[in-house]
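Positions 925 to 1271 (my numbering) are the ones given, in order, by the sequence shown.
Glycine residues also receive a C-beta, built at the ideal position from the N, C-alpha and C atoms.
Since the structure is predicted, the reported quantities are computational estimates derived from the model, not experimental observations.
What follows is a set of notes on a single structure, which appears directly below.
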Amino acid sequence: MFHYSAMVNSRRTPKFNIHTGFYCLAAILPQISICSPSYHFTEDPGAFPVAANGEPFPWQELRLPNVVIPLHYDLFVHPNLTSLDFVASEKIELLVSNATQFIILHSKDLEIMNATLQSEEDSRYMKPGRELKVLSYPPHQQIALLVPEKLIPHLKYCVAIDFQAKLADGFEGFYKSTYRTVGGETRILAVTDFEPTQARMAFPCFDEPLFKANFSIKIRRESGHIALSNMPKVKTIELEGGLLEDHFETTVKMSTCLVAYIVCDFHSVSGTTSSGVKVSIYASRDKWNQTHYALQASLKLLDFYEKYFDINYPLPKLGMFKFHIIVIFFIFAHRTCFGFFPPSLSM
């Protein structure tokens, strides 16, 4: 949780009268204002930075404006573990708090192919979405969606975005990972790590902890792989070409940094705690015989912490990955003792 506050020097003694005080406030307040209440372009284009295409970018702050609030993300992802890239699309349900002519999102190294906007009325009457102009400002890892008419306060809108990107080479965002089998074969998996602010490398989003929302995730994969995400899988749809599409339950309300999904060829062993939480340990086939100890330890630890802190694990599943002999990667290893809970990585 972030708090905005003014910093003052308590050692200084005020030495001005009320008239001087009002004068100082008049001079200072315009400088600390984040933006005007109407959130529209000013008449002076030089007041804004320059977008990648040379046009004025309508937002100059590093933090996102709070004029538009995300409520729900409907995210579809299809990674290709051969070409090492992915195509994706999303629909973001938004609530507008102040009139604005633009929507600012985070986006890093994503190619935006199309963006459209639907109002509640458009959706009610099955009208197609209106195409939006997209501006990019890489220094702040932001994009601006320019709307044809001002968004009306207290109404809901839906933004649909199609995009694609390469799987990242590092350990951030939606990245490529590898492991080697006993026979020496190198295999590839696609993994996410969004903490603290790398969800923007996987999908355009409001990538700040303040902007919490629910997430419905769909992952398309080949039959030789499995897909995992925060919530349990609802169904799998068979598609042409031998592809499968997994649909997962909608998550609890959470920040973008807690979203997770993986496509891999791992196998799992599972057990249930005394409170009914299913715990799964995932590992490559060569390491699968080493997962049983990790499972038994995990079941005992989760039981212990639930009783010790009197906090029940709030989700139906908890998933963990084992890549090496003694290293277990806990997905979302937040400490439940401080009231933070890890959205589970589940099939």
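Which parts of the stretch 975-1014 are runs of the beta strand (DSSP E), unbroken and 3 residues or longer, counting only runs that do not cross its ends? 992-1004
Top-ranked residue by Cα proximity to L1168, from C1181, K1159, K1231, R1144: R1144
Of all the options L1008, N1004, A1012, which has the alpha carbon lying nearest to the alpha carbon of A1126? Ranking the options by Cα distance to A1126, first place goes to A1012.
Can you round the beta-carbon distance between F1130 and T1180 to whole angstroms, since I take them to be within the 8 Å contact cut? 7 Å
For the stretch 978-991 against the stretch 1020-1039, are there 3 or more C-beta pairs whose distance is under 8 Å? yes
Closest by CA to I1016, which one among C1082, A1039, A975, S1140? Measuring from the Cα of I1016, the nearest candidate turns out to be C1082.
Residue interval of the beta strand (DSSP E) (run including Y1061): 1057-1061
Integer-rounded CB distance, given that A1084 should sit under 8 Å from G1108: Not quite, the Cβ-Cβ distance comes to about 44 Å (not below 8 Å), so this is no contact.
L1059 and F972 closer than 8 Å at C-beta: no
Identify whether L1223 lies in helix, strand or coil by the three-state DSSP scheme. Here DSSP, grouped into helix, strand and coil, assigns L1223 to helix.
Excluding the 5 residues flanking L1122 on each side, which residues of the same chain have their C-beta closer than 6 Å to its C-beta? A quick correction: the sequence has Gln, not Leu, at residue 1122. The answer, listed in chain order, is E1096, G1097.
Using only the alpha-carbon positions, how far apart do S1153 and A1184 sit? 5 Å
Would you kindly report the start and end of the unbroken alpha helix (DSSP H) that includes D1046? 1044-1048
By Cβ distance, which residues of its chain are closer than 7 Å to G1094, with the 5 residues on each side in sequence left out? none
Give the DSSP-derived three-state secondary structure of K1032 in the structure shown. coil
Buried/exposed call for E1014, threshold 16 Cβ in 10 Å: buried
Taking only three categories from DSSP, how would you classify T1175? coil
Who does S1101 pair with in a DSSP beta bridge? L1113
Is DSSP giving H1064 helix, strand or coil here? The three-state secondary structure of H1064, taken from DSSP, is helix.
Apply the 10 Å Cβ neighbour rule to L1075 and answer buried if 16 or more other Cβ atoms are within range, or exposed otherwise. buried
Exposure of Q1065, with buried meaning 16 or more beta-carbon neighbours within 10 Å: Buried is the call here.
If we call anything under 8 Å between Cβ atoms a contact, is A1221 one with M1244? The beta carbons of A1221 and M1244 sit no closer together than 8 Å.
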